[in-house]
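A.B. asks: In the UniProt record's numbering, the protein residues as written are 1 to 145.
Think of the CB as a built atom: it goes at the ideal place given N, C-alpha and C, for glycine as much as any other residue.
If you scroll down you'll find the structure; I have some questions about it.
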């Protein structure tokens, strides 16, 4: 069973902001002759890497709601210029919208069990995927979606 990570998407106000960032990162990677992907650097290295790389994703919290995910492709450890150990989360190029799930602010990342992860919107059919983002957010906050 896959294990996931969940993290605040700092600096993004919407899924479109996240998609634009991911797109820019993918273009930079392709220009360097690499596979299109994006990455996110963290200070802590997940100890359960094998479980995460067995179909896991990074779920993004935007404006207090889990709204999207990206597939985890790889975890790379390195030491930065200041001699501090870091971990690069290599992510797939696709940003997959999920059902909204409220989440309070927290620091760093957390593990997310597969059974606790929100479902992809595509798998939900017509349960609000076609609604405008602001309306979906408000309905989710009211517990109606």
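What number of angstroms, rounded off, separates the C-alpha of residue 63 from the C-alpha of residue 13?
C.D. replies: Residue mapping note: residue 63 aligns to position 63 of the chain shown, counting from 1. Residue mapping note: residue 13 aligns to position 13 of the chain shown, counting from 1. The alpha-carbon atoms of residue 63 and residue 13 are separated by roughly 7 Å.
A.B. asks: Determine the extent of the beta strand (DSSP E) in which residue 110 is found, giving its start and end residues.
C.D. replies: Taking the chain shown and counting its residues from 1, one reaches residue 110 at position 110. Here the beta strand (DSSP E) through residue 110 covers 109-113.
A.B. asks: Just to confirm, are residue 74 and residue 95 a CB contact at a threshold of 7 Å?
C.D. replies: Position 74 of the chain shown, counted from the start, is the residue given in the question as residue 74. Position 95 of the chain shown, counted from the start, is the residue given in the question as residue 95. Taking 7 Å as the Cβ cut-off, residue 74 and residue 95 do not qualify as a contacting pair.
A.B. asks: From the DSSP output, read off the bridge partner residues of residue 120.
C.D. replies: As a working mapping, residue 120 is identified with position 120 in the chain shown. Beta-bridge pairing links residue 120 to 98.
A.B. asks: For residue 76, does the count of other Cβ atoms within 10 angstroms reach 16, so buried, or fall short, so exposed?
C.D. replies: Residue 76 sits at position 76 when you count from the first residue of the chain shown. It counts as exposed.
A.B. asks: Here's the rule: buried if 16 or more other CB atoms are within 10 angstroms of the residue's CB, otherwise exposed. What is residue 66?
C.D. replies: Locating residue 66 in the chain shown gives position 66, where the first residue counts as 1. When all chains shown are included, residue 66 counts as buried.
A.B. asks: State the Cα-Cα distance for the pair residue 10 and residue 57, rounded to the nearest angstrom.
C.D. replies: Your numbering for residue 10 matches position 10 in the chain shown. Your numbering for residue 57 matches position 57 in the chain shown. Going by the C-alpha atoms only, they are around 17 Å apart.
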